Amino acid sequence: MCRSLGVRVISGFMIGFPEDTKASIRAVLRYAKQVNPYAANFNICTPYPGTGFINEIEPFIASRDWSRYDVYSANLKYEHLTAELVEELHRECFRHYYFRWEYLRANWAFLMPRLHAAVTTTRGWLGLSGKSGASQPAVADVPAARAATLPIIESTAVESCGHGASAHAAEQHRRAA
159 MCRSLGVRVI SGFMIGFPED TKASIRAVLR YAKQVNPYAA NFNICTPYPG
209 TGFINEIEPF IASRDWSRYD VYSANLKYEH LTAELVEELH RECFRHYYFR
259 WEYLRANWAF LMPRLHAAVT TTRGWLGLSG KSGASQPAVA DVPAARAATL
309 PIIESTAVES CGHGASAHAA EQHRRAA
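Each residue of the sequence shown is one higher than the one before, starting from 159 at the first, in my numbering.
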């Protein structure tokens, strides 16, 4: 429904629970591909201090190195996996979600301007732009790239949510563009 209304959905998926297996994590990835949101984020289960969840999962906590409590590091004891394997499966989820033809084809209009900008900027850094001096901003030359930098939600949609500050910020951004 959201897609038919032009709303880009961003979904979060949690992996790395103590009872997870390779199969269960790959099932989450398959589900993410089936739902096929505009963007997917995969997080490793992380029990933060001060939450009720940390008390529930206390016996499974393997690391108290708080600098690793970032949803990208495995900090638990797993029944069927090692922490290293959970982190590898986490990277696999991102790779297999974003580097598939279906996703790349559907989002090419969004991704292509950024590729053009990256190539143009890199050529400038390497002195291959054919112009003297520093490289020029590549995004400014590509109309689709300028459009892609605008907010995803139209200001009228934000205003209808009733968030005064958000609506005001969206309106200011719209006017500036």
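Every residue gets a Cβ at the ideal spot worked out from N, C-alpha and C, and that includes glycine. Values in this document were obtained by computation on a predicted structure and should not be read as measured data.
Check                                                                                      : Outcome
Ile-219, enclosing alpha helix (DSSP H) - first and last residue                           : Ile-219 -> no alpha helix (DSSP H), and no H or E assigned at all.
The alpha helix (DSSP H) enclosing Ser-182, as first and last residue numbers              : 180 to 193
Delimiting residues of the beta strand (DSSP E) encompassing Ala-198                       : 197 to 202
Same chain, Cβ closer than 6 Å to Ile-369, five either side skipped, listed in chain order : Within the shown structure, residues of the chain are numbered from 159 to 335, placing residue 369 beyond reach of any answer.
Own chain, CB closer than 8 Å to Ala-292, minus 5 neighbours either side, in chain order   : Confidence is the limiting factor: at Ala-292 the pLDDT is only 45, short of 50, which leaves the residue's position unreliable, though a coordinate-based value still follows. So the list reads Gly-282, once near-sequence residues are dropped.
Cα-Cα separation between Lys-180 and Val-193, rounded to whole angstroms                   : 20 Å
Host alpha helix (DSSP H) of Phe-252 (start-end)                                           : 241 to 256
DSSP-derived helix/strand/coil call for Ser-231                                            : coil
Beta-bridge partners of Ser-169, as assigned by DSSP                                       : Ala-198
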